[in-house]
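Residue 16 is where the sequence shown starts when you use my numbering, and the numbers rise one by one after that. Positions of the beta carbon are idealized from the N, C-alpha and C atoms, including for glycine. The structure appears right after this line, and notes come after that.
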Amino acid sequence: MAIGGKGMLVICTDIPGEQEAEFNLWYDREHTEERVAIPGFAGARRWVLESGDGPKYLALYETETFDVLSSAPYKAALAGQTEWSKSVMAHFRNVKRTLGRITQTAGIGQGGVVTQLRLRPKAGAEESLREALAAAMETLTAQPGIVSAFLLESDPELSKPLPEQVAAGGDDGSNHDWLLYVESTTAQAGADAFAAHLADADLAQAGAGVRARGIYRLLWGLTRDELAREGRVPD
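Put into structure tokens, the structure is as follows:
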């Protein structure tokens, strides 16, 4: 199984070129560790767009349960952003913030490349879409170069755009989207598997509109266990 938790926070964003170095330094030296240290967070991975639809940067935060995403410690972290965070986040553009439940998984392991498929379920087709995607994920993870897959169903209320998101051009109804992730060893393996087994026409027949499809390369990841071994998790 690709994912150890039951909940996930996803942040997709663009950043102006002149702010990009500071943005990456902030993520790598403060923000990722800060979030993974929150009780109930299991780990995080950062990605950068290789091809397809953006935004350019993607961050996936796994949580042990879905309820962690509405917990007091997480809310306190949101309310108590550092000055560095406030400075960097003011430059976010085209933000998409999704909080949801991981409802389907297939395969084992984690890939160095992930294909992100942003889907909009048709009203009344949710259950049939789940079944179709579960079958498709089993087929996809049997293909050469594909290691695992998981489906994230957003919680529309928790995923509502924050005020700063709206100001940064992030209010496009994406709080109703589902996100399908397929992890692979190469970008070509992901592209080939989707073309053969989960094209846009297949998804439309299953009851979903495709809103975006992007292929991302892994930058790095961090787990709570690593922080604990280094004594960097608060008591």
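- Residue state for VAL248 is assigned as coil, using DSSP reduced to three classes.
- Nearest to THR130 by C-alpha distance, out of SER102, TRP62, TYR76, is TRP62.
- DSSP places TYR89 inside the alpha helix (DSSP H), whose first and last residues are 87 to 94.
- If the five residues before and after PRO31 are omitted, its C-beta is found closer than 8 Å to the C-beta atoms of HIS106, ARG108, all from its own chain and listed in chain order.
- Under the criterion of beta carbons closer than 8 Å, ARG135 and GLY229 do not qualify as touching, at roughly 16 Å.
- For GLU77, the beta-bridge partners assigned by DSSP are MET23, GLY58.
- Note that the C-beta distance between ALA227 and ASP29 is not below 8 Å.
- ALA210 and ALA204 have their C-alpha atoms roughly 10 Å apart.
- Minimum Cα-Cα distance from GLN220 among the listed residues LYS137, THR78, LEU155, LEU167 corresponds to LYS137.
- In this structure, the CA atom of PRO176 is about 12 Å from the CA atom of ASP170.
- In the three-state DSSP reduction, PRO136 falls in the strand class (E or B).
- Boundaries of the beta strand (DSSP E) harbouring GLU198: 193 to 199, taken from the DSSP string.
- Between the region 83 to 100 and the region 50 to 61, the count of Cβ pairs shorter than 8 Å is three or higher; the stretches touch.
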